[in-house]
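Colleague: Residues 5 to 815 in this note's numbering are what the first sequence lists, from first letter to last.
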Amino acid sequence: MPEKTYDHNLIELKWHEIWKDQPLYQAEENSPKPKYYVLEMLPYPSGALHIGHIRNYSIGDALARYMWMRGYNVLHPMGWDAFGLPAENAAMANKRPPREWTLANVEKMKRTHRRFAFSYDWDREVTTCDPEYYRWNQWFFLRMLEKGLAYRKQALVNWCPECATVLANEQVVDGCCWRHESIAVEQRALEQWFLRTTAYADELLDDINQLEGLWPDRVLTMQRNWIGRSEGAEVDFEVPGHGPVRVFTTRIDTIYGATCIIIAPEHEIVTQRLSAELQAHARRMIDARANQGPGDVEKEGFDTGLEAINPFNGERLPVWVGTFVLMGYGTGAIMAVPAHDQRDFEFCRKYGVQILPVIRPVDGVLPDVATMKEASGDYGMVENSGAWSGKASADARKEMAAHAETNGFGKAAITFRLKDWGVSRQRYWGTPIPVVHCKTCGVVPVPDDQLPVLLPQQIEITGRGRSPLEEVPEFFNVTCPKCGTAARRETDTMDTFVDSSWYFYRYCDAKNSTAPFDPKKINYWFPIDQYIGGVEHAILHLIYSRFWTKMMRDIGLITFDEPVRKMFTQGMVIRNGTKMSKSVGNVVPADDVADKHGADTARMFALFAAPPERDVDWIDAGVEGVYRFLGRVYRFATRNVGTPGGDGSADAKVLRKLHQTLRRVTEDFDTRWHFNTSIALMMEVINELYAKESRISAKTMADTLRIFSLMLAPFAPYIAQELWAEQGFDGPVFKQSWPVYDAEQAREIEIEIPVQINGKIRARIVVVPGLDKAALEAAAMADEKVREHMEGKTIVKVVAVPDKLVNFVLK
RNA sequence: GCCCGGGUGGCGAAAUCGGCAGACGCAACGGACUUAAAAUCCGUUAUCCGCAAGGGUGUGCGGGUUCAAUUCCCGCCCCGGGCACCA
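1) For GLN283, collect the residues of the same chain with a Cβ closer than 8 Å to its Cβ; drop the 5 residues on either side in sequence, then sort them by chain order.
2) Across which residues does DSSP place LYS157 in a beta bridge pair?
3) Pop quiz: VAL790 and VAL759 are said to be a contact at Cβ under 8 Å. What is the actual Cβ separation, rounded to whole angstroms?
4) Report the residue from CYS352, PRO315 and ASP345 whose alpha carbon sits nearest the alpha carbon of VAL325.
5) I'd like to check one pair, LEU422 with VAL230: are the Cβ atoms closer than 8 Å?
6) Reducing DSSP to helix, strand and coil, say where PHE413 ends up.
7) Starting from CYS264 and walking both ways along the beta strand (DSSP E), at which residues does that stretch end?
8) Exposed or buried, what is TYR137 when buried is set at 16 or more other beta-carbons lying within 10 Å of its beta-carbon?
9) Count the other C-beta atoms from every protein chain shown that fall within 10 angstroms of the C-beta of ALA400, then say buried if there are 16 or more, exposed otherwise.
10) Could you give the distance in angstroms between the alpha-carbon of GLY384 and the alpha-carbon of GLU304?
11) Go ahead and pull the three-state DSSP assignment for CYS3.
12) On the three-state DSSP scale, how would you describe PRO531?
13) In chain order, which beta strand (DSSP E) runs of at least 3 residues are fully inside the segment 713-778?
14) Would you tell me roughly how many angstroms separate the C-alpha atoms of ARG192 and ASP453, rounded to the nearest one?
15) Give me, in chain order, the residues of the same chain whose beta-carbon lies closer than 7 Å to that of PHE420; leave out the 5 immediate sequence neighbours on both sides.
16) Under the assumption that THR483 contacts THR489 (Cβ atoms under 8 Å), give the Cβ distance between them as a whole number of angstroms.
17) Measure the beta-carbon distance from TYR61 to ALA159 and round it to whole angstroms, keeping in mind my assumption that it falls under 8 Å.
18) Taking the beta carbon of ARG768 as the centre, do at least 16 other beta carbons fall within 10 Å, making it buried, or is it exposed?
19) Could you give the residue range of the alpha helix (DSSP H) that holds PRO135?
20) Does the Cβ of GLU104 have 16 or more other Cβ atoms within 10 Å, making it buried, or fewer, making it exposed?
21) Look up ASP622 in the DSSP assignment and say whether it is helix, strand or coil.
22) Go ahead and pull the three-state DSSP assignment for CYS352.
23) Write down every uninterrupted run of the alpha helix (DSSP H) in the segment 652-681 whose length is 4 residues or greater and which is fully enclosed by it, in chain order.
24) Return the chain-ordered list of same chain residues with a C-beta closer than 7 Å to the C-beta of HIS663, the five sequence neighbours on each side being excluded.
25) Which same chain residues, not among the five before or five after ALA784, have their C-beta less than 7 Å away from its C-beta?
26) Between the segment 322-340 and the segment 256-272, do at least 3 Cβ pairs fall closer than 8 Å?
27) Exposed or buried, which one is GLU44 when buried takes at least 16 other CB atoms within 10 Å?
28) Please report the straight-line C-alpha distance between VAL800 and GLY774, rounded to a whole angstrom.
29) Tell me, please, whether the segment 73-80 touches the segment 553-571 by the rule of three or more beta-carbon pairs shorter than 8 Å.
30) Measuring only the C-alpha atoms, how far is ILE63 from ARG492?
31) So for TYR260, helix, strand or coil by DSSP?
32) Using a Cβ-Cβ cutoff of less than 6 Å, which residues in the same chain neighbour ASN173 once the five nearest sequence positions on both sides are dropped?
33) Whose C-beta lies closer than 8 Å to the C-beta of HIS441 among residues of the same chain, with five residues either side of it excluded?
34) Tell whether a beta-carbon distance below 8 Å holds between THR642 and GLU7.
35) Starting from ARG429, follow its DSSP beta bridges and name the residues at the other end.
36) Considering only residues of the same chain and omitting the five flanking positions on each side of SER428, which have a CB-CB separation below 6 Å?
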């Protein structure tokens, strides 16, 4: 057949058109085949798909197609961000009529995505701004309300002045909004809805052990740090005229060394007991702290003039305010033990508070206050501590906590860094929180049969600082479901991370209108076998969804503890030194690449440039190489389909290369995912074919082209499909079975072995594989060059490693 | 400061268990084809000395283990990311 020119647009659009209206792939329910659930998190805030996103598609999609060809029943739906996040885009919510825009946008996005997202199961699509999705978000919220897992309280919350909304702790980055890196987050006291993630703090931490080896270490470490479990004790220090001040400490064994109590500037004592002047002072400190960036911050504070009594020895300690004490952690108050805590040491040195060592190193003496340069935080022997003197720190910790509990002024306690999840948002967009505020009945849940509570369609976005829903009387003026009198609907909407916490469950039963999903279907598909996404979700999305899973288990919907078995974090796409993102303005639109080089090239280059876990620099020139490769493949295949063929003298070599490559590609898919080397090997096959083209028999040519097309299908589905059709085969190439490599064909008949003299390569010998040590040594000895180098020397040692090398050590 | 990654040609990278450093691709250079260019095809390409044969050096730096180290150990330097007063 005559050679054809590779026209990627012609090929891709042709198959795109053919497959437009038919599902390419549908996962089968309760199939006898083994199941495989693969899912990518697509970071897709709004606007155009760019090449940074293509990397996600490329990895998950290649894997999905490979598993499918391997005979698995594969579920591979669209990631959540694609349709979930545009809703939260503040600019859009403020300027656009969101519903129309978003639903239209979904259609538009679908067309663009489809060219890249090849094996998605479109039938199971979930749109998190869909009314049905709202229904089940609200349904879950009400179940949590019943269980006490959802509650409302007045709290100091993070407020982004730019978004005009509350943010969760997880959404505050370096004191700024995660969406506005230069806007400092303010603290405001507001009535807010919370989900009790802390109820699962222990379990979220413990179950990380189950994920060991299956999730990336850094993600697990980040989650452990985020949950931040500390074992210690709470102790009450009586402040005469005020009452007890509770402190949290991990080192109760040092309590005899406490020389003052330090409270956070936000502590209740400040407002309840201090003069207006000191209160103003404290407030200035709060502001100053907020304006400081992260890093080494100078410790500030002042003496309140109050005293607190150490319940262990009756000592009267001054009460200080210190900026380094955080209201949000522990009790917002600490006992300062400057001798044994570096932060307390710095503070007390600065303000001249007494330093009192009480821990002696096991084989040393108590530190000398006069010469101390820093606190010694190590465990040791407790001294100068009444009845506990002479005990080891570890023992004293336990006994002293028990003593405090017996005497009613404290107890052993565990503190977490993790906070409850603040889910209230004052955005227009998001699932309305399904409760009504009634003057007589209080907070009344909306009955299940009145769900979903939908957002009003006609809405005017006016001022900032409160929810646009508060401007819509038709929305908030309701009657109480309980007593029927006039009441006010909650105007807060839910954080969209609620959507992402369980979207991957809904994929298994996307059309269910009587429940969030059928547990039977979940039991079939879960856990997700492979989740692929950016590391940026390590603590936000990935903790929330683990929490949601445990919550669903406790309300009786599912029976397992963790949603995701294996997790993979792929690297970012970098361009001009920074992460490719719209806000930086360094994106390469996916459409441009699709037009110029094709979707196949774009995806294949994303995999070829670097291993998937590593960041990859997008260099336009590099794309050419992959494009040229596909062109070479196409031209070679089209001109060699159905040709009479050559004499077959190169058949053995070509088949050997082909089967060796097939073995490596298969292994890489099954283990390492180093697609870059898989693709390099396929390039080598093509180079070999070009070199031997005229000496390949017709049969070998046909076999080679068939196997090569199948091997290419996971990476470059359009061209693989075109070649499949060119060869006269029917149906989609990716519905074929993955080819099995032939060990006999792949076997090498001779290999080159380097011969070293004193560690330097001096010759190479050609031998059959598997030659044993003695024969290898003899073969090396027989080599002329080796003999030359041995002239007049004695052999001290010979190292011969079969199939690897021979090394003579001479003297 | 603490915890993870990473450092290999002009560039992206490869070397899967301690065994040929630089596969594959980009860029560059040379050749073929062409009136010409593009495209395509073939070749060269770590570096130094040398006409060549050949030899020396080389995986961030300094040591160590080994017949043999990009790979293992010890001590540093640099880059990227995460956490950062968490009591």
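Here a beta-carbon is modelled for each residue, glycine too, at the ideal position from N, C-alpha and C. Since the model is a prediction, treat every value here as computed from it, not as a measurement.
Modeller: Reading from the atomic positions:
1) So the qualifying residues of the chain are VAL274 and THR275.
2) GLN196
3) 6 Å
4) Put simply, of CYS352, PRO315 and ASP345 the residue whose alpha carbon is nearest the alpha carbon of VAL325 is CYS352.
5) Per the sequence presented here, residue 230 reads as Trp, with Val not at that position. Taking 8 Å as the Cβ cut-off, TRP230 and LEU422 qualify as a contacting pair.
6) In the three-state scheme derived from DSSP, where H, G and I count as helix and E and B as strand, PHE413 is classed as coil.
7) First-last of the beta strand (DSSP E) with CYS264: 264-267.
8) buried
9) buried
10) In a straight line, the C-alpha of GLY384 is about 30 Å away from that of GLU304.
11) The requested residue 3 is not part of the displayed model; the chain covers only 5 to 815.
12) coil
13) 755-761 and 764-771
14) In this structure, the straight-line span from the alpha carbon of ARG192 to that of ASP453 is close to 35 Å.
15) THR202, ALA205, ILE231, GLY232 and ARG233
16) 7 Å
17) Incorrect: roughly 40 Å between the Cβ atoms, too far for contact.
18) ARG768 comes out exposed.
19) 135-151
20) In this prediction, GLU104 has a pLDDT of 41, which is less than 50 and means its spatial position is unreliable; what the coordinates show is noted afterwards. It counts as exposed.
21) The sequence as given places Trp at residue 622; Asp does not occur at that position. Three-state DSSP puts TRP622 in coil, outside helix and strand.
22) helix
23) 655-674
24) TYR745, ASP746, GLN749 and ALA750
25) VAL759, ILE769, VAL790 and VAL810
26) yes
27) It is buried - the Cβ of GLU44 has at least 16 other Cβ atoms within 10 Å.
28) If you take the alpha carbons of VAL800 and GLY774, they lie about 25 Å apart.
29) Below 8 Å, too few C-beta pairs join the segment 73-80 and the segment 553-571 to call them touching: fewer than three.
30) 48 Å
31) It is helical.
32) Exclusion of the five residues before and after ASN173 leaves LYS423 as the residues of its chain whose Cβ lies within less than 6 Å of its Cβ.
33) VAL447, VAL448, ALA491, ARG492, ARG493 and GLU494
34) yes
35) THR497
36) VAL170, GLN196, TRP197 and ASP496
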